[in-house]
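First up is the structure itself, then whatever we jot down about it.
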Amino acid sequence: MKNNWPLWEVFIRSRQGLNHKHVGSLHAADADMAIENARDVYTRRSEGVSIWVVPSEQITASNPDQKDELFDPAEDKVYRHPTFYDLPDGITHM
Amino acid sequence: MKKFEYVLRLADSPLILGQRLCEWCGHGPILEQDIALSNIALDLLGLSRNLFQYAAELKGGNVTEDDLAFTRQEREYQNFLICEQENGHWGKTLLRQFFFDVYQYYFLHALKNSSDERLAAIALKSIKEVTYHMRYSSEWVIRLGDGTTESHGKMLDALEALWPFTGELTQFDELDLEMEKIGVIKNLAQIPSQWTNKVIEILGMATLPIPEKGWMQKGGKSGVHTEAMGFILAEMQYMQRAYPGAKW
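As you go down the protein sequences, you meet chains A and B in turn.
With positions in the first sequence counted from 1, the corresponding number in my numbering is that position plus 1.
With positions in the second sequence counted from 1, the corresponding number in my numbering is that position plus 50.
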């Protein structure tokens, strides 16, 4: 629809969460309305305590056609995973 | 018994307005706003339910919240006339909501100081909700009033249609004053100026004119309704009338 309101991507931080997570998108005329709409659409079951909205058009995405060259080379480099360390007890959120 | 009547009256306005708003469910101009308005409708029904439960307790006997909400006659409902007015277009619905929200916001702030602990608790719980409702409806009034030529014109029409129903929000009758005397509600006298100031502020931002003081409709608080009321009750009461005592 030509006259549709712009699309916004919504990120919610849950009560226990440390970071905002992408939860979906919605239409709104501007940023303020996007926050209100996000509140009504995505937090009505107490999902979150903080909301971010970003105009969808501001997001630059990787090209699905390039996924082989972008992501496959990492697959056989197991040494990049820090799985060989023992974490001290005092360290959380890892 | 006077307190029963009073609590029942407090329950009626959010019930009828909530019922009205439910008509938008599935018909909102856009998914997000459809959900937003349904949320508000449910908040209002939740508030009225708390009040009906309390009223039923005050009445005693076998009376239930459902009896009070669904089986009274039209003249026994004492909601504000503005709550029963037809939805009209989106702008009219939101302007009606705005006028009511502003009243409800200041009224609940007065009610939270009630000497009646139950009413104070109910008010306190609803204040957060109505604070959001008022923000939401204010935003829409501003956007549409200060929007396009078409939206501005529609808001002018809505303002003309609804304004005569706003007087009742801030006119207090004997029952109100009696309740104030025994501390069930406090500082009623503040509400008219608080309501007027907020409405002037938002209508100003919406570039809508403040209507002159003129003749005002009244009657809802004493059970004398407009023709719109019968249609709401017909729909709202149908199930309980067709299947008395039906439960989920």
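Ideal Cβ placement from N, Cα and C applies to all residues, glycine included.
Under 7 angstroms between C-beta atoms of B:Y127 and B:D223: No, they are not a contact pair.
Quick one: using the 10 Å Cβ neighbour count with 16 as the cut-off for buried, is B:H77 buried or exposed? exposed
How would you list, in chain order, the residues of chain A whose beta-carbon sits under 9 angstroms from the beta-carbon of B:A86? Those within 9 angstroms of B:A86 in chain A are E37, N38, R40, D41 and V42.
Taking only beta-carbon positions, decide if A:M2 is within less than 7 angstroms of chain B. Reliability fails at A:M2, whose pLDDT of 47 lies under 50, so the model's placement of it is uncertain and no value is given.
Are B:I235 and B:A171 closer than 7 angstroms when you measure CB to CB? no
Closest Cα partner of A:W6 within the set B:L227, B:G280, B:P79 and B:E251: The shortest Cα separation from A:W6 among B:L227, B:G280, B:P79 and B:E251 belongs to B:P79.
Taking B:A304 as the reference, give the member of B:L60, B:M266 and B:G217 with the closest Cα. Outside the displayed span of chain B (51 to 298) sits residue 304 of chain B, for which this structure offers no information.
Suppose you measure from the CA of A:F12 to the CA of A:V24; what does that come to, to the nearest Å? 6 angstroms
Cβ of A:H94 less than 7 angstroms from any chain B Cβ? no
Take B:A278 and list the residues in its own chain whose beta-carbon comes closer than 7 angstroms to its own, dropping the five residues that flank it on each side. E134, Q135 and E136
Does the pairing of the stretch 242 to 257 of chain B with the stretch 147 to 155 of chain B give three or more beta-carbon distances under 8 angstroms? yes
Spatial neighbours of B:S164 within its chain, please: C-beta separation below 8 angstroms, excluding the five flanking residues on both sides. A170, A173, G233, V234, I235 and K236
Relative to chain B, which residues along the stretch 12 to 32 of chain A have a C-beta separation below 8 angstroms, given in chain order? L27, H28, A29 and A30
If you drop the 5 nearest sequence neighbours on each side, which residues of the same chain put their C-beta closer than 6 angstroms to that of B:S98? A61, P64 and L65
Which runs of the alpha helix (DSSP H) spanning at least 4 residues fall entirely within the stretch 188 to 267 of chain B, listed in chain order? Restricting attention to alpha helix (DSSP H) runs no shorter than 4 residues, the stretch 188 to 267 of chain B encloses them at 199 to 212, 224 to 231 and 241 to 255, ordered along the chain.
If you run the structure through DSSP and keep just helix, strand and coil, what is B:G110? coil
Which residues DSSP lists as bridging B:F157, in chain order: Its beta-bridge partners do not exist; DSSP assigns none.
Collapsed DSSP secondary structure at B:L32 in the structure displayed: The shown model of chain B, from 51 to 298, leaves out residue 32 of chain B, and the question about it has no answer.
Exposed or buried, which one is A:R46 when buried takes at least 16 other CB atoms within 10 Å? exposed
State yes or no: is the beta carbon of B:G68 nearer than 7 angstroms to at least one beta carbon in chain A? no
With the cut-off set at 7 angstroms, would you say B:L144 and B:S187 are in Cβ contact? yes
B:N129 at chain A interface by Cβ criterion, 7 angstroms: no
Flag this pair as touching only if the stretch 50 to 67 of chain A and the stretch 16 to 36 of chain A have three or more C-beta atom pairs under 8 angstroms; answer yes or no. yes
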